[in-house]
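Chemist: Mind having a look at this structure? Questions to follow.
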Amino acid sequence: MQMTSHDEKVHGFERQKLERVCMKNRNLPDNHCFSNLQIMFSQAFTYLRPLIRAIGRLDKIEKNIESVIECQQLLSARLDTQTDRACEMLSKLKANPLTMGRNIGSSISNIQPTPSRDPGYGSATPEISANPSKQANPTEITNAIAELTLDAAEMSRLVETSNEILNRVFLQDTLFSDGSMVDAATSDG
Numbered sequence: 215m216q217m218t219s220h221d222e223k224v225h226g227f228e229r230q231k232l233e234r235v236c237m238k239n240r241n242l243p244d245n246h247c248f249s250n251l252q253i254m255f256s257q258a259f260t261y262l263r264p265l266i267r268a269i270g271r272l273d274k275i276e277k278n279i280e281s282v283i284e285c286q287q288l289l290s291a292r293l294d295t296q297t298d299r300a301c302e303m304l305s306k307l308k309a310n311p312l313t314m315g316r317n318i319g320s321s322i323s324n325i326q327p328t329p330s331r332d333p334g335y336g337s338a339t340p341e342i343s344a345n346p347s348k349q350a351n352p353t354e355i356t357n358a359i360a361e362l363t364l365d366a367a368e369m370s371r372l373v374e375t376s377n378e379i380l381n382r383v384f385l386q387d388t389l390f391s392d393g394s395m396v397d398a399a400t401s402d403g
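Take any residue in the sequence shown, note its place counting from 1, add 214, and you have its number in the numbering used here.
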C-alpha cells in the first residue's frame, strides 16, 4: 500500500521530531546527569577523608577503652587480694594485742601466705613465714604493712592514670559528637 504525499510528509515530520527527542534524551545524561554526578563525587570525597580518619580514631578509642577496662579489672583483682591480705593480717594482730611487744611469732604462726595467682602480681614481695619455728619480729610485720601500703599507693596511682585516660577518651568522644574535632580534621586535610 502506497502512502499519499501528504501522509509521507507527516510521517517524515514525525520521524524528525522523534529523532530530535531521542537526541535530547541521549544528551540529557551527558550534559546534566554526568556533570551532577561528578559534582556529587567531588563533594563526597571532600567529606570522605575526614570520615575515614574519624573512623580510624574511633577504632583507636575503642582499643584504648578495652585496654583501660582490662587494666582496671586487673587492678581491681589485685587490690581485692591485697585488701584481703591486709585485713587478715590486721585482724590477727588485733586478736592478740598483748603479744605485740613479746613473742610475735607465736601470734602470727597461723597466718598462711597465699601466693597470688593474679596476672600481673609480682613475686618480689616477701611473704611472712607461717613456719612456727621462725620467730617473726615487729620489724618484719612493719615491713610487710609498709609493702602493702606501697602496693596500695601504686594501685591508686594506676587507677588515677587509667581514669585520666578514660577522661581523655570521653573528651575526644564528646568533641567528635559536637563536631569540633571533625571540623578540625576537615581544615587539616
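No residue lacks a Cβ here, since even glycine has one placed at the ideal position from N, Cα and C. Source: prediction; values computed, not measured.
#1: If SER370 sits next to VAL282, beta carbons under 8 Å apart, how far is it from one beta carbon to the other, in whole angstroms?
#2: If contact is defined by three or more beta carbon pairs under 8 Å, each pair taking one atom from either stretch, is the segment 353-373 in contact with the segment 295-308?
#3: What's the gap between the Cα of LEU372 and the Cα of ASP365?
#4: Would you mind working out which of MET303, ILE266, GLN252 and ASN278 sits nearest THR363, comparing C-alpha positions?
#5: Between the C-alpha atoms of ASN278 and MET254, what's the straight-line distance to the nearest angstrom?
#6: Going by the CB atoms, is the gap between ILE275 and ASP387 shorter than 8 Å?
#7: Straight-line CA distance for GLY226 to CYS236?
#8: Quick one, which of ARG382, LEU389, ILE359 and GLU368 has its alpha-carbon nearest CYS301's?
#9: Looking at the unbroken alpha helix (DSSP H) that takes in ASP298, where does it start and where does it end?
#10: Within its chain, find whatever has a CB closer than 6 Å to the CB of GLN287; leave out the 5 residues flanking it on each side and keep chain order.
#11: Give the DSSP-derived three-state secondary structure of ASN351 in the structure shown.
#12: Rounded to a whole number of angstroms, what is the C-alpha to C-alpha distance between LEU385 and ASN239?
#13: How is THR375 classed by DSSP in three states: helix, strand or coil?
#14: Give the straight-line distance between the Cα atoms of ARG382 and CYS285, rounded to the nearest whole angstrom.
#15: By alpha-carbon positions, which one of SER256, ILE379, ARG299 and ALA258 ends up nearest to GLU361?
#16: Does DSSP put THR405 in a helix, in a strand, or in coil?
Modeler: On the basis of the coordinates in this document:
#1: In the sequence shown, residue 370 corresponds to position 156, counting from 1. In the sequence shown, residue 282 corresponds to position 68, counting from 1. Contact flag wrong, Cβ pair sits at about 16 Å.
#2: yes
#3: Within the sequence shown, residue 372 is the residue found at index 158, counting from 1. Within the sequence shown, residue 365 is the residue found at index 151, counting from 1. Cα-Cα distance, rounded: 10 Å.
#4: As a position in the sequence shown, residue 363 is number 149, starting the count at 1. Comparing Cα-Cα distances from THR363 to each of MET303, ILE266, GLN252 and ASN278, the minimum goes to MET303.
#5: Counted from its first residue, the sequence shown places residue 278 at position 64. Counted from its first residue, the sequence shown places residue 254 at position 40. Near 36 Å, if we compare the C-alpha coordinates of MET254 and ASN278.
#6: Walking along the sequence shown from the start, residue 387 turns up at place 173. Walking along the sequence shown from the start, residue 275 turns up at place 61. It is a contact, given that the beta carbons lie within the stated cut-off.
#7: Counting from 1 along the sequence shown, the entry for residue 226 is found at position 12. Counting from 1 along the sequence shown, the entry for residue 236 is found at position 22. Their backbone Cα atoms lie some 15 Å apart in a straight line.
#8: In the sequence shown, the residue the question calls residue 301 occupies position 87. The option with the nearest alpha carbon to CYS301 is ILE359.
#9: Locating residue 298 in the sequence shown gives position 84, counting from the first residue. That run of the alpha helix (DSSP H) goes 248-309.
#10: For the purposes of this step, residue 287 is identified with residue 73 of the sequence shown, where counting begins at 1. For GLN287, where only same-chain residues beyond five positions count, there are no Cβ hits under 6 Å.
#11: Counting from one through the sequence shown, the residue named residue 351 turns up at place 137. The answer is coil: DSSP assigns ASN351 none of H, G, I, E or B.
#12: Taking the first residue of the sequence shown as position 1, residue 385 is located at position 171. Taking the first residue of the sequence shown as position 1, residue 239 is located at position 25. If I take the Cα positions, the gap works out to 54 Å.
#13: Residue numbering aside, residue 375 sits at position 161 when the sequence shown is read from its first letter. If DSSP states are grouped into helix, strand and coil, THR375 belongs with the helices.
#14: Residue mapping note: residue 382 aligns to position 168 of the sequence shown, counting from 1. Residue mapping note: residue 285 aligns to position 71 of the sequence shown, counting from 1. Between ARG382 and CYS285, the C-alpha separation is close to 16 Å.
#15: As a first step, residue 361 is located in the sequence shown; it is residue number 147 there, counting from the start. Closest option to GLU361, Cα to Cα, is ARG299.
#16: Outside the shown range of the chain, which is 215 to 403, sits residue 405, and nothing can be said about it.
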